[in-house]
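Contents: one structure, followed by commentary.
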Amino acid sequence: MRQSKVFLDSSVIIAGLASNTGGSSEVLVLAELGVIIPCISEDVVSEVVRNIQKKLPGSVALYITLFKKLPFKIVDFPDQDLDFAKTIINEKDAPILASAISGKVDWLLSLDKHLLTVKCKENLGFAVGTPGDFLQNFSPV
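Counted from 1, the sequence shown has number 110 at position 110 by full-length UniProt numbering; the numbering is strictly sequential.
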């Protein structure tokens, strides 16, 4: 069985930590079980930490435990992927898209409408959608 490489935007991780129900939580469970390869970037790590400290201060310990349990693959990106990403999405979200491109993922999951509506997404080589979209299309075989 080939594992799907799935890039997780910070919004998915935060939602998965905030609630143990819903698509984001289910995706984190699939990662924990080794069914998918969860990919993130340094930008995602920073954004999750910042938002959890601000919005979910009681979840900081859970977040640390999650990162110890889950086999996150940290993906970096070359300048050329960042330059390309900037041509199709706003500059703030470009590092996330560039990381997904560089990581050669199968899916980029987000709850951020800017990432979900990226233009030319059919030319990226991977699907872009919500955790729910992924789960509806996911087949572990």
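For every residue, glycine included, the Cβ atom is placed at its ideal position computed from N, Cα and C.
Three-pair Cβ contact test at 8 Å for the stretch 58-71 versus the stretch 85-103:
no
Please state the DSSP three-state secondary structure of residue 183.
Missing from the structure shown is residue 183; the chain here goes from 1 to 141 and no further.
Check Phe-134 in the structure and name its three-state DSSP category.
For the purposes of this step, residue 134 is taken as residue 134 along the sequence shown, with counting starting at 1. Three-state result, Phe-134: helix.
Quick check: what's the CA-CA separation for Leu-62 versus Val-27?
Your numbering for residue 62 matches position 62 in the sequence shown. Your numbering for residue 27 matches position 27 in the sequence shown. Cα to Cα, Leu-62 sits roughly 16 Å from Val-27.
Quick check: Asp-112 and Ser-11, are their CB atoms within less than 8 Å of each other?
Position 112 of the sequence shown holds residue 112. Position 11 of the sequence shown holds residue 11. In contact: Asp-112 and Ser-11 (Cβ atoms closer than 8 Å).
In DSSP terms, what Leu-108 is bridged to
By 1-based counting over the sequence shown, the position of residue 108 is 108. Leu-108 pairs with Phe-7 and Val-128.
Please confirm if the stretch 12-20 is in contact with the stretch 101-111, defined as three or more CB-CB distances below 8 Å between the two stretches.
yes
Please say whether Cys-39 and Gly-129 have beta carbons closer to each other than 8 Å?
For the purposes of this step, residue 129 is taken as residue 129 along the sequence shown, with counting starting at 1. For the purposes of this step, residue 39 is taken as residue 39 along the sequence shown, with counting starting at 1. Taking 8 Å as the Cβ cut-off, Gly-129 and Cys-39 do not qualify as a contacting pair.
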